[in-house]
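*Asks:* Mind having a look at this structure? Questions to follow.
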Amino acid sequence: MEDLSKQYTKLQAELTELVRARQKLETQFQENKIVKQEFDTLDDDAKIYKLVGPVLLPQDNAEANLNVDKRIEFINSDIKRVEEKIQQHQQDLSKLQGVIMSAPSA
Numbered sequence: 001m002e003d004l005s006k007q008y009t010k011l012q013a014e015l016t017e018l019v020r021a022r023q024k025l026e027t028q029f030q031e032n033k034i035v036k037q038e039f040d041t042l043d044d045d046a047k048i049y050k051l052v053g054p055v056l057l058p059q060d061n062a063e064a065n066l067n068v069d070k071r072i073e074f075i076n077s078d079i080k081r082v083e084e085k086i087q088q089h090q091q092d093l094s095k096l097q098g099v100i101m102s103a104p105s106a
């Protein structure tokens with residue numbers, strides 16, 4: 001019974017970390033969506049700069065848009081992956097909870 005309890009606690013901790021990761025990814029997604037919206041309002045001849053270390057370097061408009069699109073796509077795939085893990089952990093927790101509840105108390 002103690003092992004089941006430890007396993008349950010471990011799964012809960014992992015689930016908490018996955019939820020935190022999901023929240024972080026959602027924040028990144030929203031930030032990149034805002035950047036994309038800002039880029040959409042810019043003129044084609046607008047200058048875009050990229051921060052590289054302590055230096056701002058000019059960046060091509062098309063390249064900057066492409067980078068943001070790729071970042072959004074990457075973050076979306078990470079969100080899906082983390083959501084699948086969250087769902088699996090929730091199922092595992094439910095199963096384990098059922099086992100713990102049906103186990104005879106000593």
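Just so we're aligned, residue 1 is where the sequence shown starts under the working numbering, counting upward by one.
Every residue gets a Cβ at the ideal spot worked out from N, C-alpha and C, and that includes glycine.
Predicted model only: the values in this text are computed from it and were never measured.
May I have the straight-line CA-CA distance separating Q7 from Q23, to the nearest angstrom?
*Replies:* Looking at the two C-alpha atoms, the distance is approximately 24 Å.
*Asks:* Which term fits I75, buried or exposed, when burial requires 16 or more other beta carbons within 10 angstroms of its beta carbon?
*Replies:* Classification of I75: buried, given that the 10 Å Cβ count is 16 or more.
*Asks:* Report the three-state DSSP secondary structure of L25 (helix, strand or coil).
*Replies:* In this structure, L25 counts as helix in the three-state DSSP scheme.
*Asks:* Evaluate contact between the segment 5-19 and the segment 85-93, counting only Cβ atoms and requiring at least three cross-stretch pairs below 8 Å.
*Replies:* Touching, yes.
*Asks:* On the DSSP letters alone, give me the boundaries of the alpha helix (DSSP H) that L93 sits inside.
*Replies:* From DSSP, the alpha helix (DSSP H) with L93 extends over 61-102.
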